[in-house]
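Here the structure comes first, spelled out in structure tokens, and everything after it is commentary.
Protein chains: 2
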Amino acid sequence: MTETQQIPRAAVKPLVLDFESHGIGKRSDRKFITSLARGLEVLRAFQSQSGSMSNKEISALTNIPKPSITRLTYTLSEMGYLQQNKTDGKYELSAGILSLGYPLLSGLRIRHLAHDHMAELANSAGCTVALASRDRMSMVYVDESCGNSSTSLRLDIGARIEIARSSIGRAWLAGLAEDERQEMYLQLESAYIDEWPELKTRADDAMDQIKERGFCLVDGEWRKDTRTVSVPLVSEDGKTVMAINCGGPTFALSVETLENELGPRLRHIGEKISLFLGK
Amino acid sequence: MTETQQIPRAAVKPLVLDFESHGIGKRSDRKFITSLARGLEVLRAFQSQSGSMSNKEISALTNIPKPSITRLTYTLSEMGYLQQNKTDGKYELSAGILSLGYPLLSGLRIRHLAHDHMAELANSAGCTVALASRDRMSMVYVDESCGNSSTSLRLDIGARIEIARSSIGRAWLAGLAEDERQEMYLQLESAYIDEWPELKTRADDAMDQIKERGFCLVDGEWRKDTRTVSVPLVSEDGKTVMAINCGGPTFALSVETLENELGPRLRHIGEKISLFLGK
DNA sequence: GCAATAGTTTCGCTATGCGAAATAGTGTGT
DNA sequence: ACACACTATTTCGCATAGCGAAACTATTGC
Chain A
1 MTETQQIPRA AVKPLVLDFE SHGIGKRSDR KFITSLARGL EVLRAFQSQS
51 GSMSNKEISA LTNIPKPSIT RLTYTLSEMG YLQQNKTDGK YELSAGILSL
101 GYPLLSGLRI RHLAHDHMAE LANSAGCTVA LASRDRMSMV YVDESCGNSS
151 TSLRLDIGAR IEIARSSIGR AWLAGLAEDE RQEMYLQLES AYIDEWPELK
201 TRADDAMDQI KERGFCLVDG EWRKDTRTVS VPLVSEDGKT VMAINCGGPT
251 FALSVETLEN ELGPRLRHIG EKISLFLGK
Chain B
1001 MTETQQIPRA AVKPLVLDFE SHGIGKRSDR KFITSLARGL EVLRAFQSQS
1051 GSMSNKEISA LTNIPKPSIT RLTYTLSEMG YLQQNKTDGK YELSAGILSL
1101 GYPLLSGLRI RHLAHDHMAE LANSAGCTVA LASRDRMSMV YVDESCGNSS
1151 TSLRLDIGAR IEIARSSIGR AWLAGLAEDE RQEMYLQLES AYIDEWPELK
1201 TRADDAMDQI KERGFCLVDG EWRKDTRTVS VPLVSEDGKT VMAINCGGPT
1251 FALSVETLEN ELGPRLRHIG EKISLFLGK
């Protein structure tokens, strides 16, 4: 799933694209600044590896030649986004990277409005509640509350979940205007190819669920030991769409609880806060 | 405070450095990749402005010429870190930016260990509790819990607070080994210049407080309507240092409460979790 | 309609960023 | 101790990526 592709300098070769990328490094796009893209790829590389990486590892993972990696990591360190682990000299993300996202987090009014509702649900039901926004083919967690920590799975802010395989992704799809959904379907189709027919069926089913009862359920699909319900959030003008979910490990949450209790409560939360969506 | 400086192409001029930057764009540092630095400066520019910005505004803020901004924003959009607001065409951060920080957040074990303790304190005392790590001259929030939302100030993950003016920064300084603290003092001195003597006195005072009672208090200095206590977190080998704080608006939290109740409780939390520091 | 402002494209130059290969650095094992 | 294996950095000359002034479009306001 996490095959990082090359961004060669004078990019000629057709690249093996991974899910998340457009045709990066397209041959001679005079507006595209390759060195910037490469630097960002280095930062992104840390998503497929835990903790710290040596230049060698980064080079292998990104397909960028070693000397370039030296320069890139050097620059990123100077800028304060990477730092070198004093013990083994490997690079790791520095806290500075978090500041890049700060303006986004603090500017999302809905996030602050939603937070208390989410926390309350999470605590009272011992589940995990999250608010997410879309980026490419994934939903990205923008906020999260965990109840009853021992049993719950915790994904942090910035976590990515595939739209096509998750309840939160499908709820988001259901919240889109028809034309946008079609557009998105096309993208998904070209990413998932032969898996798509199956996934589309499920997405459509989720949409029916949402029409009927306001939330959709996914049980053990994204990860087989978890189940989740989700609700789309749509602004009044329909232009801004996000989604919230609520779930946890299968052993702790029965389908009945989700369908009869958490789903409706989540829908209720959605109704209350989506009024304030659209910043 | 947030003066963004130029990163000219063939950088010759001595730059007006802001707090957070080293001598970026130093003349002919063969290892430094300017285009990457510029792209990151564009992203960083969103920290000094709310919401969305036009190319023009970005150009003005970063001192990068318009055509280059066109290319940079184009590239950043292609990579999924910026997106264009459909209504006014201005650029804004996209959720993708949050994913960059995800590996850092999810890899910090201490963060997960600390979370419940922090939440409990925040809820029971109606204050705001945060965990922070250092980046350059600031502490960067890595996690945060707000109790009693109506009265509390909320800074999100990624927020930056000046080390020299905050209790959390001073607590962090107090947690450093002597040589590292000296090193940091030098950096602070050259950043704050004539303000430094005063600030150093206060930092030293904070250190005394911590030696004596395990936490330090700052009242209305960072922002005059808030007061906070903080505790350093030091790993067993002394190599990893972070800090936690606890505070709120002055009208809601008396100095007595902070000194007699919250300070000690925070210190207690610090003692429990710092054992697990150092990933 | 004409200004005024913001954004993009053109275009030719050159400093920039590149990577192969050489060099330096850092451990490991016997 | 010395050699071996491995990784990181520096050198160096080349090709071109990325640059910005200026021209050109697009958009908005009046």
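Going down the list, the sequences are from chains A and B.
Under this note's numbering, the first residue of the first sequence carries the number 1, and numbering increases by one thereafter.
Under this note's numbering, the first residue of the second sequence carries the number 1001, and numbering increases by one thereafter.
Glycine is no exception: its CB is placed at the ideal position from the N, C-alpha and C atoms.
Span separating the alpha-carbon of residue i from that of residue j
i: B:I1157; j: A:T257; result: 32 Å
i: A:L72; j: A:V231; result: 41 Å
i: A:M118; j: A:I168; result: 15 Å
i: B:K1056; j: B:K1090; result: 10 Å
i: A:L237; j: A:A177; result: Here residue 237 of chain A is Asp; the residue named in the question, Leu, does not match the sequence. So the alpha carbons of these two residues sit roughly 11 Å apart.
i: A:H115; j: A:P67; result: 45 Å
i: A:L188; j: A:A164; result: 7 Å
i: A:E180; j: A:Y81; result: 35 Å
i: B:V1042; j: B:T1062; result: 7 Å
i: A:W222; j: B:G1247; result: 39 Å
i: B:W1172; j: B:S1133; result: 8 Å
i: B:I1244; j: B:G1270; result: 8 Å
i: B:T1075; j: B:S1094; result: 13 Å
i: A:V140; j: A:V218; result: 17 Å
i: B:L1155; j: A:I97; result: 16 Å
i: B:F1032; j: A:G51; result: 24 Å
i: B:S1099; j: B:D1029; result: 30 Å
i: B:S1124; j: B:K1272; result: 18 Å
i: B:N1101; j: B:D1135; result: Inspection of the sequence shows that residue 1101 of chain B is occupied by Gly rather than by Asn. So the two alpha carbons sit approximately 14 Å from each other.
i: A:T209; j: A:L40; result: At residue 209 of chain A the sequence reads Gln, which differs from the Thr that was named. Roughly 39 Å separates the two Cα atoms.
i: A:E259; j: B:K1211; result: 54 Å
i: A:K200; j: B:L1036; result: 39 Å
Cβ neighbours of residue i in the same chain (closer than 8 Å, five flanking residues each side left out)
i: B:R1111; result: L1105, L1131, V1142, D1143
i: B:V1234; result: G1175, T1240, V1241, S1274, L1277
i: A:R38; result: I7, T62, I64, S68, L72
i: B:M1053; result: A1045, F1046, L1061, K1090, Y1091, E1092
i: B:M1207; result: R1170, L1173, A1174, C1216
i: A:N85; result: S52, Y91, E92
i: A:V255; result: L217, D219, R227
i: A:R267; result: R213, G214, F215, V231
Cβ neighbour criterion (16 or more within 10 Å) applied to residue i
i: B:P1103; result: buried
i: A:Q49; result: exposed
i: A:R265; result: buried
i: A:Q182; result: exposed
i: A:D205; result: exposed
i: A:R170; result: buried
i: B:R1160; result: buried
i: A:I193; result: exposed
i: A:L280; result: Within the shown structure, residues of chain A are numbered from 1 to 279, placing residue 280 of chain A beyond reach of any answer.
i: B:F1215; result: buried
i: B:E1078; result: buried
i: B:E1162; result: buried
Reduced DSSP category for residue i - H, G, I as helix; E, B as strand; rest coil
i: A:N245; result: strand
i: B:E1221; result: coil
i: B:T1240; result: coil
i: A:A177; result: coil
i: A:L141; result: According to the sequence as given, residue 141 of chain A is Tyr; it is not Leu. Strand at A:Y141.
i: B:Q1047; result: helix
i: B:M1053; result: strand
i: A:P65; result: coil
i: A:T226; result: strand
i: B:A1037; result: helix
i: A:S59; result: helix
i: B:D1204; result: helix
Any non-hydrogen atom of the ligand MG closer than 7 Å to residue i Cβ
i: B:R1170; result: Inclusion of the ligand MG in the displayed structure is not the case, the ligand content being empty and no account of it being possible.
Nonlocal neighbours in the same chain, by C-beta distance under 6 Å from residue i, ignoring five residues either side
i: A:I69; result: N55, I58, S59
i: A:V129; result: M118, L121, A122, S145, C246
i: A:V126; result: The question names Val, yet the displayed sequence has Gly at residue 126 of chain A. So the list reads G147, N148, once near-sequence residues are dropped.
i: B:E1261; result: none
7 Å CB neighbourhood of residue i in its chain, flanking five on each side removed
i: A:M184; result: L173, L176
i: B:T1250; result: G1220, D1225, T1226, R1227
Practice problem: Please name the residues in the region 1050–1084 of chain B whose beta-carbon is closer than 8 Å to at least one beta-carbon of chain A, in chain order. | Solution: S1050, G1051, T1070, R1071, L1072, Y1074, T1075, L1076, E1078, M1079, G1080, Y1081
Quiz item: Taking any Cβ of chain A, which residues in the region 1131–1142 of chain B have a Cβ under 9 Å from it, in chain order?
Solution: A1132, S1133, R1134, D1135, R1136, S1138, M1139, V1140, Y1141, V1142
Quiz item: Quick one, which residues of the region 1092–1112 of chain B are near chain A if we go by CB-CB under 7 Å, in chain order?
Solution: L1093, S1094, A1095, G1096, I1097, L1098, S1099, L1100, G1101, Y1102, P1103, L1104, L1105, S1106, G1107, H1112
Exercise. Closer than 7 Å, Cβ to Cβ, to anything on chain B: give me those residues from the region 156–183 of chain A, in chain order.
Key: D156, I157, G158, A159, R160
Quiz item: the region 215–229 of chain A: which residues have C-beta closer than 9 Å to a C-beta of chain B, in chain order?
Solution: none
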